[in-house]
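Working notes for the structure below.
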Amino acid sequence: MILDEGNIITKDNNANYIGEIISEGLTNPVVRELCTQGQGKSSEEIKKIQNEFCRFVGFCILFRSAQDIGKYMSLDNREEQSKFLKEKIAEKLGIDKGEVEFRKKDIVRYAYQNFKKNGYVFHAANSASVKMKMITGLRDNIATPEQQKELLYIEHIYRKYDPASPYSPLGHGAIDILENKTGWFFDGFPIHSMGYANSPQWFSYFCGKSYVYFDSIPEERRNGYANRDYKTALEAIIWLIKDRNMSVEDAKKMIYFFKKCWSEYKNTTPCLMFVPVKEVEVNDGIEFEQYLSDEGTNELFNDIILGKVNPGKNYCCKKTIEPEKLSYTDLSSILPRFIIDRKKLIDDESQNNLNQLRTQYDKEER
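Counting from 1, position 285 in the sequence shown corresponds to residue 287 in my numbering; the numbering is continuous, with no gaps.
This is the structure we're talking about:
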């Protein structure tokens, strides 16, 4: 069931159907074309695709509907996009197009209430994690003591070979545990969350995504986990072992940890969860009046076009959010997996070295 889109959303009628609405919108051919991350895209092209996805999400949050999304997403000009949003709000409120400027306060109030005060923040997670969270809710420290112990142990092994580095091939996985940042994380707009959807982020980093540790690896090698490509992900681990000249014993432990995690996450898909902004209180300080000036109105509608419910990112929250407050969508339709042409990954000499290392560690395991 989707809310009556003619009403201004309030705290009382703000049931969380946004994931269902986003999923419906992703079937639109215009949305699919603009928001799908295709193979061989440059970083600039990917950033543009992510921005289009954010624009799409902003529209769906504002109207709690994907109706007319194709028309809106076909607009390239920021002024035309803003005008379209205002006129659609006017239509919802029964305001004639010719009266849009005269009824500015009503239109701004609709946008402020629906998007800023009763919008959503974003939490990215893999499908297995989402399934659990839709039963237990979002809560502090969902990792088991055993999982935390394993992460800290892998971090300990790595630090034997690179003790002074401020970075880790696990990203913030172990550091957050040490610093007691063990809540759940969210962003105020979805462009950042798309990068985390193939979670856990620390495992994606461990499989080659980190640009700090895998700077000499071609871009094609970095997405082994995102593509659920076992060989490419494993070779990134072996590359790290070789680069840090780890002992065979430590290498065995690293590879064992990788294989264990791979078995757990290999069949998951990337997802994005939506949490009512009121539950995390990040927009409590904003007021309707600040958007009534021309500058304020432009800021509000620019934020909607950017999907920016709140400008913050990587918030750590320890508050429990109950399952009925949550919603999600599967992003696998716009974050597809690709078959990698392995002949183009690295030169023959490097490939032979990796094959020898893999054979050596496999023999040691047996």
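The beta-carbon is built from N, C-alpha and C at its ideal position, and this holds for glycine as well.
Bridge partners - residue i, DSSP secondary structure assignment
| i | result |
| --- | --- |
| residue 189 | 124 |
| residue 329 | 276 |
The ligand MG heavy atom lying under 7 Å from the CB of residue i
| i | result |
| --- | --- |
| residue 49 | Annotation note on the ligand MG: not contained in the displayed structure, which lists no ligands. |
Residue i versus residue j - alpha carbon distance
| i | j | result |
| --- | --- | --- |
| residue 180 | residue 150 | 10 Å |
| residue 55 | residue 340 | 20 Å |
| residue 197 | residue 304 | 22 Å |
| residue 87 | residue 99 | 12 Å |
| residue 372 | residue 103 | Outside the displayed range of the chain (3 to 368) lies residue 372, so it cannot be described from this structure. |
| residue 96 | residue 233 | 58 Å |
| residue 315 | residue 92 | 32 Å |
Neighbourhood of residue i by C-beta, 7 Å cutoff - its chain only, sequence neighbours within 5 removed
| i | result |
| --- | --- |
| residue 58 | 27, 33, 37, 71 and 75 |
| residue 274 | 124, 126, 192, 195, 199, 330, 331 and 333 |
| residue 114 | 290, 293 and 302 |
| residue 347 | With a pLDDT of only 46 at residue 347, under 50, the local geometry of the prediction cannot be trusted, and the value read off the model is given with reservation. Excluding positions up to five away in sequence, the list reads 220, 222 and 223. |
| residue 61 | 71 and 74 |
| residue 272 | 128, 199, 200, 333, 334 and 337 |
Beta-carbon separation (whole angstroms), residue i vs residue j, contact threshold 8 Å
| i | j | result |
| --- | --- | --- |
| residue 323 | residue 140 | 4 Å |
| residue 122 | residue 279 | 6 Å |
| residue 243 | residue 260 | About 10 Å separates the two Cβ atoms, so there is no contact after all. |
| residue 90 | residue 65 | 7 Å |
| residue 190 | residue 284 | 7 Å |
DSSP state of residue i mapped onto helix, strand, coil
| i | result |
| --- | --- |
| residue 8 | The predicted position of residue 8 is uncertain, since its pLDDT is 41 and thus under 50; no value can be drawn from it. |
| residue 323 | strand |
| residue 140 | strand |
| residue 317 | strand |
| residue 219 | coil |
| residue 55 | helix |
| residue 202 | coil |
| residue 311 | coil |
| residue 235 | helix |
| residue 271 | coil |
| residue 61 | helix |
Cβ shell of residue i (< 8 Å), same chain only, five flanking positions each side left out
| i | result |
| --- | --- |
| residue 176 | 153, 154, 156, 157, 170 and 204 |
| residue 137 | 325 |
| residue 317 | 123, 187, 188, 189, 190, 282 and 284 |
Contact set for residue i: own chain, Cβ-Cβ below 6 Å, skip 5 residues either direction
| i | result |
| --- | --- |
| residue 35 | none |
| residue 286 | none |
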